[in-house]
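Participant: Sharing a structure here in C-alpha cells format.
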Amino acid sequence: MRAITVVPHQAGSARLDDVPDPDPLMGSVLVEAVAVGVCGTDLEITSGAYGWSPPGADRLVLGHESLGRVIDPGPSSGLANGDLVVGIVRRPDAVPCPSCAVGEWDMCRNGQYTERGIKAVDGYMSERWRIEPDYAVKVDPGLGILGVLLEPTTVVAKAWEVVGSTGLRAFWEPRTALITGAGPIGLLAALLGVQRGLDVHVLDRAETGPKPELVAALGATYHTDAVGDLDIDPDIVIECTGVRSLILSSVEKVASGGVVCLTGIGSADPTPIQIPETPLANEIVLQNKVVVGSVNANRRHYYKGAEALQRADHDWLAKLITRRANPEHFADALERQPDDIKAIIEFASL
Ligand code: BGC
Numbered sequence: 037m038r039a040i041t042v043v044p045h046q047a048g049s050a051r052l053d054d055v056p057d058p059d060p061l062m063g064s065v066l067v068e069a070v071a072v073g074v075c076g077t078d079l080e081i082t083s084g085a086y087g088w089s090p091p092g093a094d095r096l097v098l099g100h101e102s103l104g105r106v107i108d109p110g111p112s113s114g115l116a117n118g119d120l121v122v123g124i125v126r127r128p129d130a131v132p133c134p135s136c137a138v139g140e141w142d143m144c145r146n147g148q149y150t151e152r153g154i155k156a157v158d159g160y161m162s163e164r165w166r167i168e169p170d171y172a173v174k175v176d177p178g179l180g181i182l183g184v185l186l187e188p189t190t191v192v193a194k195a196w197e198v199v200g201s202t203g204l205r206a207f208w209e210p211r212t213a214l215i216t217g218a219g220p221i222g223l224l225a226a227l228l229g230v231q232r233g234l235d236v237h238v239l240d241r242a243e244t245g246p247k248p249e250l251v252a253a254l255g256a257t258y259h260t261d262a263v264g265d266l267d268i269d270p271d272i273v274i275e276c277t278g279v280r281s282l283i284l285s286s287v288e289k290v291a292s293g294g295v296v297c298l299t300g301i302g303s304a305d306p307t308p309i310q311i312p313e314t315p316l317a318n319e320i321v322l323q324n325k326v327v328v329g330s331v332n333a334n335r336r337h338y339y340k341g342a343e344a345l346q347r348a349d350h351d352w353l354a355k356l357i358t359r360r361a362n363p364e365h366f367a368d369a370l371e372r373q374p375d376d377i378k379a380i381i382e383f384a385s386l
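Counting with this note's numbering, you get residues 37 to 386 for the letters of the sequence shown.
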C-alpha cells in the first residue's frame, strides 16, 4: 500500500512509498485513511529537525492528524464498518510513569511515551492503518471531512483545560483572552475561547488573506499590532507561535493574576530579542502570573475537542482547510503557502 514516509533527521527524505499492509500487532481495528492534516510538527520532521523512526526501522510513516473509515472493526471494538474514526496520537510509556499509569499520557513524566507519526510508531499517512480499539475515537458522521480537525482541536482543548485549572488556584473570573498566532492552533484556540463566552482577541502578522475574516466571523477581534501596544488587559494569553519575543511580551501583557499558556515550540524569532525593562521575575512574582506549557492530549481532550467541533459553525470550520492534495502530490501539502491555514492530504473521498 502507499504511504508517505520519511527518514527522521534527514531533510528532504520524505517520499511516497510502497509499504507492507499494517501489521495486526498495531491493533485489531483496520481503518481506511480518508485524510491526514499537515501541521508544523510534520514540517519539522520533514526538515530533519524532529522525529524518531520505529525501533529497527529507518523510515517513519508520517502523519498524526488522522481521519479514517473503519473497514474491519475486529472482535471487540464496538465499532462498525463505515464508522469515521480519529486515532489518538500518543501512547503511554511502558514503565509506566504515574501520569501514564492513570491515562494522562499527555503529562508523561519520563519522556518514554511514543507518538504515532512522530515518535517511534508509524503514523496515519498510509492508505490503511491499524489501531487498538481504545485509541480509536469515533467521530460524528455529520462532521465529515472536518473530523480531520479533531486532533489539533484536542491540543487546544487541553490548553484551555490547563488554563482553567491553573486559574482556579485563586478567585478566577476571566473575561478577556489573547491568542497569539492565527494558524490552525490559534484559530481553534480562539473558537474555544469564544465558546467559553470570553472576549477573544487574536494577534497575527497577516494583514490580508483569510485570517482577519475568520477571526471576525467568530465574533473575536483581530490585531496586527505589537502585543505591548494592544489596548486590552487579557486574563489569559494562549501563545501559539513559539516566538521568543512574543512569549516575553505575553508575560508582560497578561493581567495581574493571569495565565500565559504556551503551545508553540521552536519557531525562529524574526525580531531581535528585547530585554524587558522590568526583570521578568518581578512581572511574574509580584503579579502572581503563571506561565504554563501544554502539549498533546489524552482521551478526555478528544471527547472535549469533538464536542467543541460539533458545536462550532461547520462552514467556519470548513474554511480552515485551505488546501487539499492527493498522496501523489504530498510534497505540495508539506510546503507552506502564504495564505495557508490547514493543508490536508486526501487518501479517499467520503
Ligand atoms: C502534536 C502533539 C504532539 C506534539 C509533540 C504536535 O504537533 O499535535 O500530539 O504531542 O506535536 O510531538
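Note that the Cβ used here is the ideal one computed from N, Cα and C, for glycine as well.
Values in this document were obtained by computation on a predicted structure and should not be read as measured data.
Provide the residue span of the beta strand (DSSP E) that contains R145, from first to last.
Facilitator: That residue, R145, is in no beta strand (DSSP E); it is neither H nor E in DSSP.
Participant: Quick one: what does DSSP say D208 is sitting in, helix, strand or coil?
Facilitator: Residue identity check: residue 208 is Trp in the sequence provided, not Asp. W208 falls in the coil class under three-state DSSP.
Participant: Whole angstroms are fine: how far does the CA of A193 sit from the CA of L224?
Facilitator: If you take the alpha carbons of L224 and A193, they lie about 9 Å apart.
Participant: Mind listing, in chain order, the continuous alpha helix (DSSP H) runs of no fewer than 4 residues lying wholly within the stretch 67–98?
Facilitator: Complete alpha helix (DSSP H) runs here, min 4: 76–82.
Participant: Taking the alpha-carbon positions, what's the G302 to H45 distance?
Facilitator: The straight-line gap from Cα to Cα measures roughly 15 Å.
Participant: Under 9 Å between the Cβ atoms of R205 and V326?
Facilitator: Contact flag set, yes.
Participant: Determine the extent of the alpha helix (DSSP H) in which Y160 is found, giving its start and end residues.
Facilitator: Premise fails: Y160 is in no alpha helix (DSSP H) and is neither H nor E.
Participant: Hey, would you say M161 sits closer than 9 Å to G99, going by beta carbons?
Facilitator: Result yes, Cβ atoms of M161 and G99 sit closer than 9 Å.
Participant: Is DSSP giving S64 helix, strand or coil here?
Facilitator: If DSSP states are grouped into helix, strand and coil, S64 belongs with coil.
Participant: Beta-carbon separation of V295 and V273 under 9 Å?
Facilitator: Contact flag set, yes.
Participant: Would you list, in sequence order, the uninterrupted beta strand (DSSP E) runs of no fewer than 3 residues that lie entirely inside the stretch 239–285?
Facilitator: Whole beta strand (DSSP E) segments, 3+ residues: 257–259 and 272–275.
Participant: Using only the heavy atoms of ligand 1, determine whether one of them is closer than 8 Å to the beta carbon of Y86.
Facilitator: Answer for Y86: yes, Cβ within range of ligand 1.
Participant: Contact defined as beta carbons within less than 8 Å: I believe L186 pairs with G300. What is the distance between those atoms, to the nearest angstrom?
Facilitator: Their Cβ separation, rounded to whole angstroms, is 20 Å, which puts L186 and G300 out of contact at 8 Å.
Participant: Just the C-alpha distance for G180 and K174, rounded to the nearest angstrom, thanks.
Facilitator: Cα-Cα distance, rounded: 12 Å.
Participant: If we ignore side chains and look at the alpha-carbon of each, how far apart do D376 and V263 end up?
Facilitator: Near 23 Å, if we compare the C-alpha coordinates of V263 and D376.
Participant: Counting pairs of Cβ atoms below 8 Å between the stretch 363–371 and the stretch 240–258, do you hit three or more?
Facilitator: Segments in contact, no.
Participant: On the premise that G183 lies in contact with V122, defined as a C-beta separation below 8 Å, what is that separation, rounded to the nearest angstrom?
Facilitator: Correct: roughly 6 Å between the Cβ atoms.
Participant: Quick one: is the Cβ of H45 within less than 8 Å of any heavy atom of ligand 1?
Facilitator: Not under cutoff, so the answer is no.
Participant: Can you give me the Cβ contacts of L356 inside the same chain, cut-off strictly under 7 Å, excluding the 5 residues immediately before and after it?
Facilitator: Counting only Cβ-Cβ distances below 7 Å, and skipping sequence neighbours, we find L185, P220, L223, I377 and K378.
Participant: For V230, which residues does DSSP report across the bridge?
Facilitator: Beta-bridge pairing links V230 to no other residue.
Participant: Between G178 and H350, what straight-line distance do the alpha-carbon atoms span, to the nearest angstrom?
Facilitator: One C-alpha to the other measures close to 9 Å.
Participant: Taking the alpha carbon of H237 as the point to measure from, which residue in L266, E163, W352 and G200 has its own alpha carbon closest?
Facilitator: When only C-alpha atoms are compared, the closest one is L266.
Participant: Is V191 near ligand 1, in the sense that its beta carbon is under 8 Å from a heavy atom of that ligand?
Facilitator: Result yes, Cβ under 8 Å from ligand 1.
Participant: For D235 versus A213, is the C-beta distance shorter than 9 Å?
Facilitator: In contact: D235 and A213 (Cβ atoms closer than 9 Å).
Participant: W196: which of V230, F207, R164 and E168 sits nearest, CA to CA?
Facilitator: The shortest C-alpha separation from W196 is found at V230.
Participant: Could you check which residue in G139, P246, W208 and E275 has the C-alpha nearest to that of N324?
Facilitator: It is W208.
Participant: Residues in its own chain within less than 6 Å of H337 by CB, not counting five upstream and five downstream?
Facilitator: So the qualifying residues of the chain are T190, A193 and K194.
Participant: Starting from K378, follow its DSSP beta bridges and name the residues at the other end.
Facilitator: Its beta-bridge partners are I357.
Participant: Going by C-alpha distance, which of T277, G84, V67 and E101 is nearest G73?
Facilitator: Checked all of T277, G84, V67 and E101; the closest Cα to G73 is E101.
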